[in-house]
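Letter by letter, the sequence shown follows residues 301 to 329 in this note's numbering. Working notes, beginning with the structure itself.
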Amino acid sequence: VPWIQVSRSRSLLLMVKPTTFLVAIGMAA
């Protein structure tokens, strides 16, 4: 079911976005 993949990717984005944000801050600092 594609909807399961969509919700799964959304949860992954929610988990990945903050980490990439922190990494960007760490590299900038």
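Even for Gly, the Cβ is constructed at its ideal location relative to N, Cα and C. Predicted model only: the values in this text are computed from it and were never measured.
Cα-Cα separation, residue i to residue j
i, j, result
"residue 311", "residue 323", "19 Å"
"residue 330", "residue 325", "Nothing about residue 330 can be reported from this structure: the residues present for the chain run from 301 to 329 only."
"residue 304", "residue 317", "20 Å"
"residue 306", "residue 314", "12 Å"
"residue 321", "residue 327", "10 Å"
"residue 302", "residue 319", "26 Å"
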